[in-house]
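In this note's numbering, the protein residues as written are 28 to 195. The C-beta atom is built at its ideal place from N, Cα and C for all residues, glycine as well. Below is one structure, written out as structure tokens; the observations come after it.
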């Protein structure tokens, strides 16, 4: 069954149709959230679950202007930001005592380099590079001006390149 019909059935209250939508989109959504949460699978799964619950409650608001995946990513981004605001004091306490600079033999890989980017840079790069969204779609998902998304991508790529070259 095509996605449009599944969405219509789910919006009419068919939980089995929504379960199929969740199965189709959970992998991509969790991957996006793992990058945003700096590879914290438990936090990514928590936010993914909240995202799907909110999507179920607000499915009647999905207009179909963009992709369903983009709509889910927009909800996930909003949930991530709300969670980050709540966790801000905790995040400062959770910083590792040993940094990359004090452990020169530590190999810097792509995931750890991504973790060093700002949330906006990580989100924009992940949406456009890993998930294949256009810059315009990413701007809509992130509720940012198109120019800001392009700047995040450009700066994020430059920072990644520098981090990966320094790690060699």
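Whole-angstrom C-beta distance between residue j and residue i, which should lie under 8 Å
i, j, result
"residue 47", "residue 56", "Going by Cβ atoms, the distance from residue 47 to residue 56 rounds to 15 Å, so no, they are not a contact pair."
"residue 168", "residue 104", "6 Å"
"residue 183", "residue 146", "Not quite, the Cβ-Cβ distance comes to about 11 Å (not below 8 Å), so this is no contact."
"residue 86", "residue 38", "5 Å"
"residue 162", "residue 177", "6 Å"
Start and end residues, alpha helix (DSSP H) containing residue i
i, result
"residue 152", "146–152"
"residue 79", "68–84"
"residue 90", "From DSSP, residue 90 is part of no alpha helix (DSSP H); its letter is neither H nor E."
Beta carbon proximity, residue i to chain C, threshold 8 Å
i, result
"residue 32", "Checking the listed chains, one finds no chain C in this structure; it contains a single protein chain."
DSSP three-state assignment for residue i, whether helix, strand or coil
i, result
"residue 158", "coil"
"residue 64", "coil"
"residue 109", "helix"
"residue 32", "helix"
"residue 166", "helix"
"residue 142", "helix"
"residue 193", "helix"
"residue 39", "coil"
"residue 136", "coil"
Residue i burial status per 10 Å Cβ neighbour count (16 or more: buried)
i, result
"residue 66", "exposed"
"residue 164", "buried"
"residue 140", "buried"
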